[in-house]
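So the protein sequences, as listed, match chains S and D.
With my numbering as the guide, the letters of the first sequence map in order to residues 1 to 113.
With my numbering as the guide, the letters of the second sequence map in order to residues 114 to 226.
Number of protein chains: 2
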Amino acid sequence: MAKTNAAFMSGIPELVVLRLLSRSEMYGYELIRAIRLTSGESIVLAEGVVYPTLHGLEQRGLLKAKEKLVKGRLRVYYQTTAKGKKRLVELENDWHRINNGVEAILRRVVCQN
Amino acid sequence: MAKTNAAFMSGIPELVVLRLLSRSEMYGYELIRAIRLTSGESIVLAEGVVYPTLHGLEQRGLLKAKEKLVKGRLRVYYQTTAKGKKRLVELENDWHRINNGVEAILRRVVCQN
DNA sequence: TCCTTATACATATTGGTTATAGGTATGATA
DNA sequence: TATCATACCTATAACCAATATGTATAAGGA
C-alpha cells in the first residue's frame, strides 16, 4: 500500500503548523490530531515530523511555547507569534502561487497545441 | 529576494514533466520553457533539475526518448509511456488529496473552535 | 495486579529530491 | 569576432520529511 503522504509534502508541515497555531494555542500531541482531522485524514504527520518542526519554529521566533502541567502530565503549548504570522502570509502566498502554476499545467486541455 | 521556488516543490518536477509529455513530445530545453510559460512563470525549473528528472523517468520506463538532429543540433525528444500515464494518474490523485487537505486547514474559519 | 493502550514528550539517522554551480558545444546575431 | 541563445549534461550541496526508537505517566480492561 502507498504511504500516507506520498511526495508533495515539502513545506507543508511548517505551513499547517503555523496556520493552526495562529488560531488557537495547542500542544504537540493535540496538534498532530488536529492536522489529521482537519485535513480529513489527507495529511497525517508523525510525531517525528511535528516535534522537530515545533522546536525549529520556536527557535526561529515564529512560535512561542509555554509549559503546563495537566493531570500530572506535561504539555507544551505553542502559539504563532506576530513574526510567525508574517511568515505564514508569505508561505500561503508561495503555496497558492505554486498551486496555481501546477493547476495551470494539469488543467490545460490537450487540443491547444 | 525570495527564491523563485520556495518550498512546496517536492514531487512537482515529476508531475509536470509527465503531464506535459503526455500531451506532446518535447525535448528538454523546450520542456523547460513550456513549464515556465504554461505555469505563468510560477514554476521555473532549472536545467539541473529537468535533465536529471528526464533521465530518471526514462530509466524507470515512464518516458521514452528518441534523438533527432535539427539544424545541426541534437535534440532528445521525450514522451510519456503508457506506464508513465498510469503513474501520472496516481500522482495527480496524490497531489489533489494533499492539496485538499492543506486547503481544508487553511480555509477553516477561526470561529469554529 | 498485570497488561495494554493512549497520552505526551523527544531525537538520531536515513532517504529522497530539489537547488546550485559548474561544464561542453553549436548556431545565430551584432 | 564576440556574445547570446540553444541544447545537452553532471556532481555536489542543501534541505526536509520519514522512520525508528526511546522515555514516562495515566487510564482501562482482564
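Where a beta carbon is used, it is the ideal one built from N, C-alpha and C, also for glycine.
Model, not experiment: these values are computed from the prediction.
Take residue i and list the residues in its own chain whose beta-carbon comes closer than 7 Å to its own, dropping the five residues that flank it on each side.
i, result
"Leu74 (chain S)", "Glu67"
Where do the N-terminal and C-terminal ends of the alpha helix (DSSP H) with residue i fall, by residue?
i, result
"Thr38 (chain S)", "28-38"
"Glu180 (chain D)", "From DSSP, Glu180 (chain D) is part of no alpha helix (DSSP H) but of the beta strand (DSSP E) over 176-183."
"Arg60 (chain S)", "Neither: Arg60 (chain S) is in no alpha helix (DSSP H) and is coded neither H nor E."
Rounding to the nearest angstrom, what Cα-Cα distance links residue i and residue j in this structure?
i, j, result
"Gly84 (chain S)", "Gly61 (chain S)", "7 Å"
"Tyr27 (chain S)", "Lys199 (chain D)", "41 Å"
"His55 (chain S)", "Gly169 (chain D)", "35 Å"
"Glu58 (chain S)", "Ser22 (chain S)", "13 Å"
"Ile148 (chain D)", "Ser123 (chain D)", "15 Å"
"Gly40 (chain S)", "Thr53 (chain S)", "21 Å"
"Thr4 (chain S)", "Lys184 (chain D)", "48 Å"
"Val49 (chain S)", "Glu14 (chain S)", "10 Å"
"Glu160 (chain D)", "Tyr190 (chain D)", "15 Å"
"Glu205 (chain D)", "Ile218 (chain D)", "20 Å"
"Phe8 (chain S)", "Arg108 (chain S)", "20 Å"
Can you find a C-beta in chain D that's less than 8 Å from the C-beta of residue i?
i, result
"Ile105 (chain S)", "yes"
"Thr38 (chain S)", "yes"
"Arg75 (chain S)", "no"
"Val49 (chain S)", "no"
In chain order, what residues of the same chain lie with their CB nearer than 6 Å to the CB of residue i, ignoring the 5 residues before and after it?
i, result
"His96 (chain S)", "none"
Residue i touches chain S at which residues, Cβ-Cβ below 9 Å?
i, result
"Glu205 (chain D)", "Leu106"
Show which residues of chain D have a CB atom less than 7 Å away from the CB atom of residue i.
i, result
"Met26 (chain S)", "None at all; the shortest Cβ gap to chain D is about 11 Å."
Could you tell me the boundaries of the beta strand (DSSP E) in which residue i lies?
i, result
"Arg221 (chain D)", "That residue, Arg221 (chain D), is in no beta strand (DSSP E); it is neither H nor E in DSSP."
"Leu74 (chain S)", "73-80"
Answer with yes or no whether the minimum CB distance from residue i to chain S is below 8 Å.
i, result
"Ala195 (chain D)", "no"
"Leu128 (chain D)", "yes"
"Leu170 (chain D)", "no"
"Ile125 (chain D)", "yes"
"Leu133 (chain D)", "yes"
"Val215 (chain D)", "yes"
Strictly below 7 Å CB to CB, what residues from chain S border residue i?
i, result
"Ala120 (chain D)", "Ser10, Gly11, Asp94"
Mind listing the chain D neighbours of residue i? Cutoff is C-beta to C-beta under 9 Å, in chain order.
i, result
"Ile98 (chain S)", "Asn118, Ala119, Ala120, Phe121, Met122, Ile125, Ser152, Ser155, Ile156"
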